[in-house]
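So the sequence lines, in the order shown, correspond to chains A and B. Residue numbers for the first sequence, in this note's numbering: 12 to 343. Residue numbers for the second sequence, in this note's numbering: 3 to 256.
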Amino acid sequence: MCGISSLPEVFSHIYVEKRAREYIMTEQVLSHFKGSTVIDIEHYKDVFNRPGQDLYLQNSSKNLIIAVNEGKKIFKGAPVCQDFGFDRFYYAESAMNCIFSCDYCFLKGMYGTSNIVIFVNYVDYLKECEKMLEEGPVYLCASFDTDLAALSGICSWQSIWEDFAASHPEFTLELRTKAAVSRVTSKENIIYAFTVSPEKIIKLYEKNTPTLKTRLNSINNALSQGASVRLCFDPIIYVKDYELCYNEFVDTVLDAVDIKLIRDISIGTFRISSGYLQNIRRACPYSSAVHFPFAKEDGYAVYPKKLRQSMIGILENRLKGAGCESKLYVMP
Amino acid sequence: MIYIFTALKCEGEPLRLFEKDDLKVIVTGVGKTNMAFALGRTFPEGSTRRSLVNDIVINIGCCCAKSLQGVYLINKITDQASSRDFYPDMLRVTGIKEAALITTDTLVTEPEEDVLYDMEASSFYETASRLLSPDRIITLKIVSDSGNTDGITTSYITSLVNDHIDQIGEVIAVLRSGMTEREDEADIELIYTMLHATEAMKVQLDELINYARLTDADINKLISEEINSICEDKELTKAQGKEVLKRVRDKLTS
Ligand code: SF4
């Protein structure tokens, strides 16, 4: 183990691209961190892409980078993502990396750093979406490479996307989160996708995230405001007593939430590109969630088929039993 | 291991009091080339990020500044000649003030406000970063002058370093406190041999042993049970070794 006790607070250092200084969002973010050391940089990649960064150490002491994204902003969804029946399924890179630290997070595999980038040129993103809408309806996952709702206390990305979706009915926005969301916009085309996990899994593998109880309260709060809510039982993570753990968990969710009000439900077990798995394991050397001896299928590390089916079966059967059959999207 | 690199002998001498089995002071000579060579000599050919995962390098030396004074931990290094910037990862609380630094090829006579100047740091960082993570490359600079080096003697520099020895000592203490080696792999040669493990099986076994350790499962017991159930008292065949591996995997993951 390393000297975690001598690590600084989160965002002790904020790296700001010189060109980002002129954006309102930069000011907005910096105003929350008056005590941080601010370092001017030329390009976010000079910090973000440094070779050999120690993600294990950084996980306990994340720093922030504020940048202008002059590259690609909107990407086509990967085949491993659930597209919920939408043809034009995209995700936006409004920020990279997350304030939370789930052991199994694919971002640990994808990026060689735990530091977070917030892009501040949101107008450019919205312009790009306007253009895409000229060719037909768009489904955009805005909280894909991050948890935008978790960042809503320091930047306005979430409300920017909500406002855009509210004025563009052909634009379906998905905001996926584990955060405690207090304010929602009630529109059919704005989906709040809450990831829920058993409390045991949260404690073991979803560091810094809200408890199950808090998430369920957020869900109920969103539903009571008439928001469109998706429940994501994804990823299901293996633990020795997974049957008991996930059965009790479904009981808790069904007790707490009026499932009839839920728009749809996604179910999937943990899966990750094999290439990313190596990096994740280095970043989380002590996590049994990522050191599980996975099977390899088509370049992805997955649970062995029998186990996968058993884990999915628990959720699927219980939710079907609760009358949700038509709402289920299952990643096999 | 902690390696302290100083350009001058008079900078390095006071630091020898920190030398122990886990810390070494290396005097490099002035300038970027000397610094790069010294780092190259310190880490033998064939060194990898993995083999040096427990090593830390520190560049300690004097620098010039217009009005800043004292000792600084450097959070940004700019190489003036190439205009390249380098960012050490500031992941440890040391209590030392931070500043940005510019590395120049010649002595600076008219420094700008709020920045430090030296002649080695960019090369130190750039060379070290090929093998070490950016949080393990530390640059500490003590302001010795404001561009006029008249009267700067070796004994003056030594006394300057001595004046800040307590602060330097605190940084070293923080670094030492975080140096508990990461756990080594378990000795599994015996298991490899018993199961006639091929290279591919060894990879799988490593994975299983690691997973068992993290989930508090007794891997030795699991393996012995499976060996016994397949062939009591006899040596396993290769095929049986594979079967044991499969059964242990199933037990651990069901
Ligand atoms: S909340 Fe999502 S994005 Fe954030 S660390 Fe967890 S899995 Fe990754």
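Cβ coordinates follow ideal geometry from the N, Cα and C atoms, glycine included.
Of the listed residues the options, nearest to residue i (C-alpha basis)
i	options	result
V79 (chain A)	A:L41, A:V27, A:F111	A:V27
A123 (chain B)	B:F88, B:K248, B:I229	B:F88
L318 (chain A)	A:M121, A:L75, A:I248, A:S285	A:I248
E336 (chain A)	A:G237, A:S277, A:N290, A:M322	A:S277
S71 (chain A)	A:V192, A:I325, A:D114, A:T196	A:D114
R86 (chain B)	B:G72, B:M92, B:T106, B:E227	B:T106
G237 (chain A)	A:D245, A:F244, A:T225, A:I273	A:I273
S47 (chain A)	A:A31, A:R61, A:F22	A:F22
K211 (chain A)	A:I50, A:A300, A:L144, A:N108	A:A300
P148 (chain A)	A:Y136, A:E173, A:V134, A:L184	A:L184
Y127 (chain B)	B:V117, B:L142, B:P113	B:L142
G88 (chain A)	A:E33, A:V49, A:S154	A:S154
L10 (chain B)	B:M3, B:R18, B:I4	B:R18
Check: residue i C-beta below 7 Å from any heavy atom of the ligand SF4
i	result
S179 (chain B)	no
S112 (chain A)	yes
E217 (chain A)	yes
C295 (chain A)	no
D174 (chain A)	no
L70 (chain B)	no
T157 (chain A)	yes
C109 (chain A)	yes
L118 (chain A)	yes
T220 (chain A)	yes
K99 (chain B)	no
K189 (chain A)	yes
Where the beta strand (DSSP E) through residue i begins and ends
i	result
L142 (chain B)	139 to 147
R187 (chain A)	182 to 188
K78 (chain B)	73 to 81
N61 (chain B)	58 to 67
V192 (chain A)	Note, V192 (chain A): premise wrong, no beta strand (DSSP E); not H, not E.
D168 (chain B)	Here D168 (chain B) belongs to no beta strand (DSSP E); instead the alpha helix (DSSP H) covers 167 to 179.
F205 (chain A)	201 to 206
I276 (chain A)	275 to 280
Y311 (chain A)	311 to 313
Residue interval of the alpha helix (DSSP H) (run including residue i)
i	result
V341 (chain A)	Segment 339 to 341 is the beta strand (DSSP E) holding V341 (chain A); no alpha helix (DSSP H) there.
G66 (chain A)	Residue identity differs from the one stated: residue 66 (chain A) is Leu in this sequence, not Gly. Start and end: 66 to 69.
R251 (chain B)	240 to 254
Y297 (chain A)	Per DSSP, Y297 (chain A) belongs to no alpha helix (DSSP H) and is neither H nor E.
S239 (chain A)	Looking at the DSSP string, S239 (chain A) is not in any alpha helix (DSSP H); the run it does join, the beta strand (DSSP E), is 239 to 247.
K29 (chain A)	Neither: K29 (chain A) is in no alpha helix (DSSP H) and is coded neither H nor E.
R43 (chain B)	34 to 44
Closer than 8 Å at the beta carbon, the chain A residues around residue i
i	result
Q206 (chain B)	P304
T217 (chain B)	K251, S299
T84 (chain B)	It is Ser, not Thr, that sits at residue 84 (chain B) in the sequence shown. Simply none; closest approach about 13 Å.
Proximal residues of chain A, C-beta to C-beta of residue i below 9 Å
i	result
N222 (chain B)	Those within 9 Å of N222 (chain B) in chain A number zero; the least Cβ separation is about 17 Å.
Y213 (chain B)	S299, H302, F303, P304
N77 (chain B)	H24, T48, I50
L210 (chain B)	P304
Three-state secondary structure (DSSP) of residue i
i	result
A306 (chain A)	strand
S226 (chain B)	helix
A202 (chain B)	helix
L19 (chain B)	helix
C13 (chain A)	Low confidence applies to C13 (chain A): its pLDDT is 32, below 50, so where it sits in the model is not reliable enough to give any reading.
V261 (chain A)	helix
A130 (chain B)	helix
C12 (chain B)	helix
S161 (chain B)	helix
S105 (chain A)	coil
F155 (chain A)	coil
S167 (chain A)	coil
F117 (chain A)	helix
D269 (chain A)	coil
T225 (chain A)	helix
D1 (chain B)	Only positions 3 to 256 of chain B appear in the structure, and residue 1 (chain B) is not among them; the question remains open.
R329 (chain A)	helix
K218 (chain A)	strand
Y213 (chain B)	helix
G6 (chain A)	Because residue 6 (chain A) is not part of the residues shown, which for chain A are 12 to 343, the question remains open.
D186 (chain B)	Reliability of the predicted coordinates at D186 (chain B) is poor, the pLDDT of 46 falling under 50, and no value is obtained from them.
I323 (chain A)	helix
V40 (chain A)	helix
D87 (chain B)	strand
Residue i: contacting residues in chain B (beta-carbon distance under 7 Å)
i	result
S72 (chain A)	L93
E53 (chain A)	D87
Per-residue contacts from residue i into chain B (C-beta, under 8 Å)
i	result
Q64 (chain A)	D91, S135, P136, D137
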